[in-house]
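Before any comments, here is the structure.
Chains as they are written, first to last, in my numbering: chain L, 150 to 694; chain Y, 303 to 633; chain B, 751 to 861; chain H, -17 to 209.
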């Protein structure tokens, strides 16, 4: 960053030692403590989980083409949506950006050789894998049918499926999140390069920091909650069982204390990616740096205060309902501030239409939709009608798939040359972005209407008047499914056959782009000294290379 | 801005009136909820379109024209930042106040409501009218009369949802939840379970029949003649020996229940509690948690000895004792 | 090393204080103070915690960052408890609220 | 990047110097303790709610515990915290013998705590049929408070059980530390593992400081003083 021109490391990939070719063999991967290799381990594992979860989703949508159900028995359908939710939430969305891009980029962006605790980082991946094995075992051993929310007393006393292995899997994976968050917090606090003050950090780092706070403070609560659920199921001691004096609603409180902030675990890193993409492809400093940075932190904090809006119709006290409603409205404000600032960043920029930018624009549109439909659910009066219907399903998919997954794909496309040292075919990437955008909207927009019309979620069969919209949604799902397969194919192809990428193919700022692609094992030959603010495109010539 | 919103919502509501897009509105609160819904829809579309078209405009106007182009540096603009922080805050505050007021209005049943009892059970709805008529997966209600439902579950959490009335409430085992509505249009409407409750969750549905009050009376009378709930309740009351302590004249070891319903009672803990359905249920199931001030904590729990339906019948009986007193005072 | 070395007598003093407080909290439990039994027990526990945190865990001599982290932890624990109790303890208040007047019982509790 | 060629013992490559490494280690442990706080926090929150709902049963249950063992264990654990702090101090001033001695004392005290817990308390409870899920018997003498006494014991066993698991993990860590200390791995320049493990041990102590009044002294013992 201290140098004005960025194309200083022009060395052909083949002849240079980098983190990918420094060592070979399965053992060198499974015992690695290099944050970049661990990021790739995560990338492969979560991609696998994504397609497992995605398969369940496709089966669900196919089933719902017919009102009486086209494919499976209701019991099987219940397992499909449960396993789709569990796998997508806990094994894909939560680790998605933090564990892959975060792991790869946090040390590189702050000018460090590795995370503070590299062995702990590897341990996190193993914990994730153990959790995933338990959950996949539950899938194979007959599945689980409680819904990803595990509501008591159904999950504790009534379900006859593999609740314990699933809950155990989620419990274990929680510790992977906790340790990853811990590692990031310490690294960001203690290992920034000289001159890299908090207000010179890339906004991605702020977002990851905010996410880590949620990891640290929220995840233990879901862990203890699932622990109690498991004991309750095994021993029937009555903590959540109303028949012996327990309170099933307490489970929901504890569950949502984590699971609502978890939504922000999924979206905050996406917002961080967004700030990187928008600035790079418009060659502009971010508009309102400190507003964007602090909005991440305030989202992280407020996200802990709003969980009760999942429980407006449980018979929750009306006083608590009011409190949670007003706080839920509050969390919209920092999110809105971010969207406005991204839009303003484009003003008078030099905007290019590379594939990552298309994903970024898709993100802004879908996230805005998703965020604003949150108003319907924070409003007590409309929430009563919409809670538990397809409106909810559409709303959170707009945030998590339209938002988080779009940002994840945008980020993967953006840093792919850095991660692999190869370029992918840009035309295909843009085409995929378009297919995903169209498929997504066709899948989930009809679900808003279904919800308003009153179709409850988690229905294996439904009254026939809802069929038209359901068929539309299923059609969209097949387009969306294909849209996700295209990047899988060309990105895999590019790892071997893609043209070699230079150190900085986008002409981007940021310490990670000053290293060769792929970077050497210790990232920097010499720890850089930072003298300028983030995204300072105006004061240096930028060249793609 | 408000005018624009008004226009937008009127426009939208005329579009959304199309039967494919708007669910039937058949209760007194449906219109109010829908109005809020339309305004929210308008706000959503307005901001989504505004942001998207701005981005689109910038994308075209400021597209990169030369590979090594360096645009001017971003300028900070504090007033703009404050404006787009404060304006959304105000919009949110307005929406919160509106939605919450509506919610308050909708959550308070008028005092002269007809009361019907609902028990959710995997995977059916048991409904009992105070007159003794029972239904399964069907609910007959009179048009134009406020109806209050008192609901509980025998097993897991269910959720009683009538889309056409815009009402929904979880039906939780171990406690009472209540719901009220006033149907405004005769007809047949969906009744759904909206909280996942196991294998046949999607089959836990039924129909709500809204009838004119006269038809409703005929329907009630034609139902299988059976005991009223309070009558059954009285029998249980005597069978369980409740009457030995709760004597009508107050000479027993427990308080007299005559006229107790609807009163405020002082508890030993210093709290004041209104004697309503939930209180009576708690007193039967967990008597220790609601010991009255001047009485010893000697009442045993009846948890596990009677089912939810019998608890409801006991409550109906205790409530009838209250109106008896009112009647005798009147005379 | 920048780490502060705490004098031996401070450690011993704190330990003796902790033992005395343990004796005190046990003793107080045998006196009928009504609701204040719980208050006293918790107050003593908090004092004991502070002694351990400040001296045994060296927070008195630590950076501001550590203190901020600890306070953040306590704050979020408080959020968890308060907002859950906000529902659980007010559920049966005034079951038929009317308009904003429903807030009245909540407000009057403070006067 | 000067340190790379001259590694002090225990130095990890990703850090710039020992000071940075020590600060990172200590901050990491504090962050971990925050997650521990929230982990126990979920349990404490549930406890508070059920205690409010079923106060008479919780008081009855509390009176079935022997306060003498609770108080004794508190003293034992506080003493172990003291010896832990003294072990770290010995490292700071470079006394290896004292270090090992204090660590072993800490372990003995920790083990004593667990021994009292398991033999005099849990075993006794099991014999008296006070373990929910394992043949709990509701005594008719408890009167109206009876039905929810098991709920108190649920929390009693969850909380003390989780605490005991933390103690056992702590004993494992202490064993490793004792071996390292014996081999002279720690000196006034490098005692980071000792310091962060100390933080963990003190945290476990603090959890007990709260468990003692919450479980043994609910609502005062004056009613059940004769037990």
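Just so it is clear, CB atoms sit at the ideal spot from N, CA and C, and this is done for glycine as well.
Next item on the list: Check whether the Cβ of residue 468(L) lies closer than 8 Å to any Cβ atom in chain D.
Entry: No chain D appears in this structure, whose protein chains are L, Y, B and H.
Notebook entry, point to check: For residue 616(L) versus residue 539(L), is the C-beta spacing smaller than 8 Å?
Noted result: Residue numbering aside, residue 616(L) sits at position 467 when the first chain is read from its first letter. Residue numbering aside, residue 539(L) sits at position 390 when the first chain is read from its first letter. It is not a contact, given that the beta carbons lie outside the stated cut-off.
Margin query: Rounding to the nearest angstrom, what Cα-Cα distance links residue 444(L) and residue 487(L) in this structure?
Written below: Within the first chain, the letter at position 295 stands for residue 444(L). Within the first chain, the letter at position 338 stands for residue 487(L). Computed Cα separation, rounded: 7 Å.
Checklist line | Sub-8 Å separation of residue 199(H) and residue 176(H) beta-carbons | finding: Reading the fourth chain from its first residue, position 217 is the one you call residue 199(H). Reading the fourth chain from its first residue, position 194 is the one you call residue 176(H). Cβ atoms of residue 199(H) and residue 176(H): not closer than 8 Å.
Item checked: residue 181(H) Cβ short of 7 Å to the ligand MN heavy atom set -> Ligands in the displayed structure: none, and consequently the ligand MN is not present.
Notebook entry, point to check: Between the Cα of residue 230(L) and the Cα atoms of 215(L), 203(L), 219(L), 246(L), which residue gives the shortest distance?
Noted result: Locating residue 230(L) in the first chain gives position 81, where the first residue counts as 1. Of the candidates 215(L), 203(L), 219(L), 246(L), the one whose C-alpha sits nearest the C-alpha of residue 230(L) is 203(L).
Next item on the list: Examine the Cβ distances between the stretch 420 to 436 of chain L and the stretch 392 to 405 of chain L and report whether three or more of them are shorter than 8 Å.
Entry: Note that the stretch 420 to 436 of chain L does not touch the stretch 392 to 405 of chain L; fewer than 3 beta-carbon pairs, one per stretch, sit closer than 8 Å.
Check: Among the residues of its own chain, which have a CB less than 6 Å from the CB of residue 290(L), if the five just before and after it don't count?
Finding: As a position in the first chain, residue 290(L) is number 141, starting the count at 1. Non-local C-beta neighbours of residue 290(L) in its own chain, meaning closer than 6 Å and more than five positions away in sequence, comprise 311, ordered along the chain.
Notebook entry, point to check: Would you call the CB atoms of residue 806(B) and residue 148(H) closer than 8 Å?
Noted result: Position 56 of the third chain holds residue 806(B). Position 166 of the fourth chain holds residue 148(H). No, Cβ-Cβ distance for residue 806(B) and residue 148(H) is not below 8 Å.
Margin query: Under 8 Å, with one C-beta from each stretch per pair, do the stretch 507 to 523 of chain Y and the stretch 438 to 457 of chain Y reach the 3-pair mark?
Written below: Counting C-beta pairs closer than 8 Å gives three or more between the stretch 507 to 523 of chain Y and the stretch 438 to 457 of chain Y, which meets the contact rule.
Item checked: Every unbroken alpha helix (DSSP H) inside the stretch 390 to 456 of chain L [4 residues or more] -> Runs of the alpha helix (DSSP H) spanning 4 or more residues and lying entirely within the stretch 390 to 456 of chain L occur at 397 to 431, 438 to 451, in chain order.
Next item on the list: Would you tell me roughly how many angstroms separate the C-alpha atoms of residue 758(B) and residue 415(L), rounded to the nearest one?
Entry: Here the question's residue 758(B) lines up with position 8 in the third chain. Here the question's residue 415(L) lines up with position 266 in the first chain. Annotation: residue 758(B) to residue 415(L) spans about 49 Å, alpha carbon to alpha carbon.
Notebook entry, point to check: Can you tell me the Cα-Cα spacing of residue 157(H) and residue 86(H), whole angstroms?
Noted result: As a first step, residue 157(H) must be located in the fourth chain, where it is residue number 175. As a first step, residue 86(H) must be located in the fourth chain, where it is residue number 104. So the alpha carbons of these two residues sit roughly 8 Å apart.
Notebook entry, point to check: Do you know how far the Cα of residue 504(L) is from the Cα of residue 637(L)?
Noted result: For the purposes of this step, residue 637(L) is taken as the residue at position 488 of the first chain. For the purposes of this step, residue 504(L) is taken as the residue at position 355 of the first chain. So the two alpha carbons sit approximately 15 Å from each other.
Check: Is it true that the CB of residue 73(H) sits closer than 8 Å to the CB of residue -7(H)?
Finding: Locating residue -7(H) in the fourth chain gives position 11, where the first residue counts as 1. Locating residue 73(H) in the fourth chain gives position 91, where the first residue counts as 1. It is not a contact, given that the beta carbons lie outside the stated cut-off.
Checklist line | residue 491(Y) versus residue 480(Y): straight-line alpha-carbon distance, rounded | finding: For the purposes of this step, residue 491(Y) is taken as residue 189 along the second chain, with counting starting at 1. For the purposes of this step, residue 480(Y) is taken as residue 178 along the second chain, with counting starting at 1. So the alpha carbons of these two residues sit roughly 20 Å apart.
Check: Grouping DSSP H, G and I as helix and E and B as strand, with all else coil, what is residue 455(Y)?
Finding: Taking the second chain and counting its residues from 1, one reaches residue 455(Y) at position 153. Strand at residue 455(Y).
Margin query: So for residue 127(H), helix, strand or coil by DSSP?
Written below: On the fourth chain, residue 127(H) is found 145 positions in, with the first residue counted as 1. If DSSP states are grouped into helix, strand and coil, residue 127(H) belongs with the helices.
Note to self: In this structure, how does DSSP classify residue 427(Y) when only helix, strand and coil are distinguished?
What the structure shows: Here residue 427(Y) corresponds to residue number 125 of the second chain, with the count starting at 1. It is a strand residue.
Checklist line | Interface residues of chain B facing residue 453(L) [CB-CB closer than 7 Å] | finding: Working through the first chain from its first residue, we reach residue 453(L) at position 304. Within chain B, the residues near residue 453(L) are 826, 829.
Next item on the list: Could you name the residues of chain Y that residue 38(H) contacts, counting a contact when the two beta carbons are closer than 8 Å?
Entry: Against the fourth chain, residue 38(H) aligns to sequence position 56. Result: 590, 599.
Notebook entry, point to check: How would you list, in chain order, the residues of chain L whose beta-carbon sits under 8 Å from the beta-carbon of residue 5(H)?
Noted result: For the purposes of this step, residue 5(H) is taken as the residue at position 23 of the fourth chain. Against chain L, the beta carbon of residue 5(H) has neighbours under 8 Å at 339, listed in chain order.
Notebook entry, point to check: Considering only the beta carbon of each residue, do residue 598(Y) and residue 513(Y) sit closer than 8 Å?
Noted result: Your numbering for residue 598(Y) matches position 296 in the second chain. Your numbering for residue 513(Y) matches position 211 in the second chain. At a Cβ-Cβ threshold of 8 Å, residue 598(Y) and residue 513(Y) do not count as neighbours.
Note to self: Can you confirm whether residue 327(Y), when its beta carbon is compared against all beta carbons of chain L, has any partner nearer than 8 Å?
What the structure shows: Translated into the one-based positions of the second chain, residue 327(Y) becomes position 25. Not an interface residue.
Notebook entry, point to check: Which residues in chain Y sit within 7 Å of residue 590(L), going by Cβ to Cβ distance?
Noted result: Mapped onto the first chain, residue 590(L) falls at position 441. Going along chain Y, no residue has its Cβ under 7 Å from residue 590(L), so there is no contact; the nearest lies around 11 Å.
Next item on the list: Helix, strand or coil for residue 159(L), going by three-state DSSP, please let me know.
Entry: In the first chain, counting from the first residue as 1, residue 159(L) sits at position 10. Here the model assigns residue 159(L) a pLDDT of 44, short of 50, so the residue's position is not dependable, and the following value carries that caveat. Secondary structure of residue 159(L) (DSSP, three-state): coil.
Item checked: Buried or exposed (CB count within 10 angstroms, at least 16 for buried), residue 405(L) -> Reading the first chain from its first residue, position 256 is the one you call residue 405(L). Classification of residue 405(L): buried, given that the 10 Å Cβ count is 16 or more.
Note to self: Which of the three DSSP states is assigned to residue 291(L) in this structure?
What the structure shows: Here residue 291(L) is taken as the residue at index 142 of the first chain, counted from 1. Three-state result, residue 291(L): coil.
Next item on the list: For residue 706(Y), name the three-state secondary structure that DSSP assigns.
Entry: Residue 706(Y) cannot be examined here, being either before or after the span of chain Y that is shown, 303 to 633.
Check: Are the beta-carbon atoms belonging to residue 281(L) and residue 315(L) less than 8 Å from one another?
Finding: Translated into positions along the first chain, residue 281(L) becomes position 132. Translated into positions along the first chain, residue 315(L) becomes position 166. It is not a contact, given that the beta carbons lie outside the stated cut-off.
Note to self: Quick check: the Cα distance between residue 171(H) and residue 463(L), rounded to an integer number of angstroms?
What the structure shows: Numbered from its first residue, the fourth chain carries residue 171(H) at position 189. Numbered from its first residue, the first chain carries residue 463(L) at position 314. Distance between the alpha carbons of residue 171(H) and residue 463(L) is about 58 Å.
Next item on the list: May I have the straight-line CA-CA distance separating residue 859(B) from residue 210(L), to the nearest angstrom?
Entry: Numbered from its first residue, the third chain carries residue 859(B) at position 109. Numbered from its first residue, the first chain carries residue 210(L) at position 61. Per-residue confidence for residue 859(B) stands at a pLDDT of 49, beneath the threshold of 50, marking its modelled position as unreliable; the derived number appears in the next sentence. In a straight line, the C-alpha of residue 859(B) is about 52 Å away from that of residue 210(L).
Checklist line | residue 411(Y) to residue 35(H) span [Cα, whole Å] | finding: Position 109 of the second chain, counted from the first residue, corresponds to residue 411(Y). Position 53 of the fourth chain, counted from the first residue, corresponds to residue 35(H). Using only the alpha carbons, I get a separation of about 28 Å.
Checklist line | From 647(L), 389(L), 478(L), 272(L), residue whose alpha carbon lies closest to that of residue 31(H) | finding: Counted from its first residue, the fourth chain places residue 31(H) at position 49. Of 647(L), 389(L), 478(L), 272(L), the residue nearest in Cα terms is 389(L).
Check: chain B beta carbons: is any one of them nearer than 8 Å to that of residue 596(L)?
Finding: Taking the first chain and counting its residues from 1, the one referred to as residue 596(L) is at position 447. Residue contact check for residue 596(L) against chain B: no CB pair falls below 8 Å.
Check: Three-state secondary structure (DSSP) at residue 186(L)?
Finding: Counted from its first residue, the first chain places residue 186(L) at position 37. When DSSP states are grouped into helix, strand and coil, residue 186(L) belongs to the helix group.
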